[in-house]
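First the structure, in the form of structure tokens, and then the observations on it.
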Amino acid sequence: MFRSDVPAKKASDDVLLLHTMLLMSGADGFLDQAEVEAVEAYFTQLPEFEGKQFQDVYAEAKKLVARYSNLRESVKALSGFSSEKVRKKAFVLAADLAMASGDVSESEDELLTAMQRVLEIDDGTVQKVLDVLAMKYAR
2 MFRSDVPAKK
12 ASDDVLLLHT
22 MLLMSGADGF
32 LDQAEVEAVE
42 AYFTQLPEFE
52 GKQFQDVYAE
62 AKKLVARYSN
72 LRESVKALSG
82 FSSEKVRKKA
92 FVLAADLAMA
102 SGDVSESEDE
112 LLTAMQRVLE
122 IDDGTVQKVL
132 DVLAMKYAR
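Pasting the structure below:
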């Protein structure tokens, strides 16, 4: 009733990258302040966000999520990346966040699988990413 028939503006790669990271950080159904701060730390290191303010891109990412009935449904938005290179980067960032805690939870694993499908990342690339990240986070 309140939704417009006018198509929403396509999300930019920077908004989609932030959305990817926020999705993974909130894979357990909650996104607390510490998780937002961890994502903001990634934000400050990536060239796609150079010259941009976290709160501005975060606000756009929240608008993107509002287009969907729930957070999990918003994974579909990730099909909007402009190139294969950025889709792969999004998957790497999501996997990195999932593995950073030491154990990938069932909800994170399910989300990574859904992201792989939506981002069209082949199994070989996924395995390479996971192998490298396993070395990064080995204890």
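Here this note's numbering is used: position 81 in the sequence shown is 82, and no number is missing along the way. Here a beta-carbon is modelled for each residue, glycine too, at the ideal position from N, C-alpha and C. Since this is a predicted model, take the numbers as computed values, not measurements.
Checklist entry - So, helix, strand or coil for R88, using DSSP? => result What you label residue 88 is simply residue 87 of the sequence shown in a count that begins at 1. DSSP, read as helix, strand or coil, puts R88 in helix.
Next on the checklist: Quick check: the segment 36-44 against the segment 81-92, are at least 3 beta-carbon pairs closer than 8 Å?
Outcome noted: no
Item to check | Opening and closing residue of the alpha helix (DSSP H) in which R118 lies | outcome: Counting from one through the sequence shown, the residue named residue 118 turns up at place 117. Per DSSP, R118 belongs to the alpha helix (DSSP H) from E107 to L120.
Next on the checklist: Check this for me: beta carbons of H20 and A67, under 8 Å apart or not?
Outcome noted: Walking along the sequence shown from the start, residue 20 turns up at place 19. Walking along the sequence shown from the start, residue 67 turns up at place 66. Going by C-beta atoms, H20 is not nearer than 8 Å to A67.
Checklist entry - Whose C-beta lies closer than 7 Å to the C-beta of Y43 among residues of the same chain, with five residues either side of it excluded? => result Counted from its first residue, the sequence shown places residue 43 at position 42. Once the five neighbours on either side are set aside, the close Cβ partners of Y43 are M22 and L94.
Item to check | Option in L24, A12 and V16 with minimal Cα separation from D110 | outcome: The residue you call residue 110 lines up with position 109 of the sequence shown. Of the candidates L24, A12 and V16, the one whose C-alpha sits nearest the C-alpha of D110 is L24.
Checklist entry - Apart from the five residues on each side of it in sequence, which residues of its chain come closer than 8 Å, Cβ to Cβ, to L120? => result As a first step, residue 120 is located in the sequence shown; it is residue number 119 there, counting from the start. Only L79, S80, F82, R88, K89, A91 and F92 meet the Cβ criterion.
Checklist entry - With 16 as the cutoff for other CB atoms within 10 Å, does T114 come out buried or exposed? => result Here residue 114 refers to the residue found at position 113 of the sequence shown. Exposed, by the Cβ-count rule.
Checklist entry - Could you check where the alpha helix (DSSP H) with F82 kicks off and where it finishes? => result As a first step, residue 82 is located in the sequence shown; it is residue number 81 there, counting from the start. Per DSSP, F82 is not a residue of any alpha helix (DSSP H), being assigned neither H nor E.
Checklist entry - When the Cα atoms are used, what is the spatial distance from I122 to E51? => result One-based indexing of the sequence shown puts residue 122 at position 121. One-based indexing of the sequence shown puts residue 51 at position 50. Rounded to the nearest angstrom, the two C-alpha atoms are 26 Å apart.
Checklist entry - So the alpha helix (DSSP H) D33 belongs to, where does it begin and stop? => result Translated into the one-based positions of the sequence shown, residue 33 becomes position 32. D33 -> no alpha helix (DSSP H), and no H or E assigned at all.
Item to check | Three-state class that DSSP yields for D97 in the structure shown | outcome: The residue you call residue 97 lines up with position 96 of the sequence shown. Three-state DSSP puts D97 in a helix.
Item to check | Distance between beta carbons of A12 and L47, contact taken as under 8 Å | outcome: Position 46 of the sequence shown, counted from the first residue, corresponds to residue 47. Position 11 of the sequence shown, counted from the first residue, corresponds to residue 12. Incorrect: roughly 16 Å between the Cβ atoms, too far for contact.
Checklist entry - How far does the alpha helix (DSSP H) with E61 in it reach, from first residue to last? => result Mapped onto the sequence shown, residue 61 falls at position 60. Taken as a continuous stretch (DSSP letters only), the alpha helix (DSSP H) holding E61 covers F55 to A67.
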